[in-house]
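J.: Numbering (this note's numbering), first residue to last: 411 to 549. Okay, here's the structure, questions in a sec.
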C-alpha cells in the first residue's frame, strides 16, 4: 500500500512539473511574440516605413536578423563583431534599395541597439517597482 501511495505521489508530482513546464513554455512563447510585435512597431515607426516599403522590408530584415542571431556567441568578441559587421555589409545594399535613403539605412543599424536599451530600461523600472516595499502612511 505504501508503495502504491508513493508511486501515485511521484506520478502526480511528475505531471504537475510537466504541466508547469508547458505553461512556462507557452508564457515564454507569448512573451517572445509580444516583444517581436513591439520591435516591428518600433522599427516601422522610427524608419517611417510606408505599407509598400514594409511589405518588402520585413522579409529581408527577418533574413538579416536570422543571420545575425546565428553568429556563435561563444566566439571571441572581436571575431563575433566582425562576423556581424560582414553580415551588415552584405545586407546594406538590399536595405538601401528598399529604403532609398542612406540615412535611413544607417538609422536601421542603430535602432536595434536603441530598442534593446529602451527594453532594458523598461524591465529595470518594472523590477525596481516590484522590489520596493510599499510604505504605509500614518504609522
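For each residue, glycine too, the CB sits at the ideal point set by N, CA and C.
When the distance is taken between beta carbons, is residue 509 closer than 8 Å to residue 463?
T.: Yes. Within cutoff.
J.: Does DSSP classify residue 486 as helix, strand or coil?
T.: It is coil, neither helix nor strand.
J.: Could you pull the start and end residues of the alpha helix (DSSP H) that residue 462 belongs to?
T.: Start and end: 461-479.
J.: Evaluate residue 485 with the Cβ neighbour count: other Cβ atoms within 10 Å of its Cβ, from every protein chain shown; 16 or more gives buried, anything less gives exposed.
T.: Exposed, because fewer than 16 other Cβ atoms sit within 10 Å of the Cβ of residue 485.
J.: For residue 534 and residue 500, what's the separation of their Cα atoms in angstroms?
T.: Cα to Cα, residue 534 sits roughly 35 Å from residue 500.
J.: Do you know how far the Cα of residue 513 is from the Cα of residue 506?
T.: Taking the straight line from one Cα to the other gives about 9 Å.
J.: Let me know if residue 538 comes out buried or exposed under the rule of 16 or more other beta-carbons within 10 Å of its beta-carbon.
T.: Label assigned to residue 538: exposed.
J.: Straight-line CA distance for residue 458 to residue 523?
T.: Each residue's Cα considered, the two are about 18 Å apart.
J.: Take residue 567 and list the residues in its own chain whose beta-carbon comes closer than 8 Å to its own, dropping the five residues that flank it on each side.
T.: Here the chain has residues from 411 to 549 only, and residue 567 is not among them.
J.: Mind checking whether residue 474 and residue 525 have CB atoms under 8 Å apart?
T.: No.
J.: Going by the CB atoms, is the gap between residue 498 and residue 519 shorter than 8 Å?
T.: Yes, Cβ-Cβ distance for residue 519 and residue 498 is below 8 Å.
J.: Consult DSSP for residue 607 and reduce its assignment to one of helix, strand or coil.
T.: With the chain represented from 411 up to 549, any question about residue 607 goes unanswered, as that position is not in the structure.
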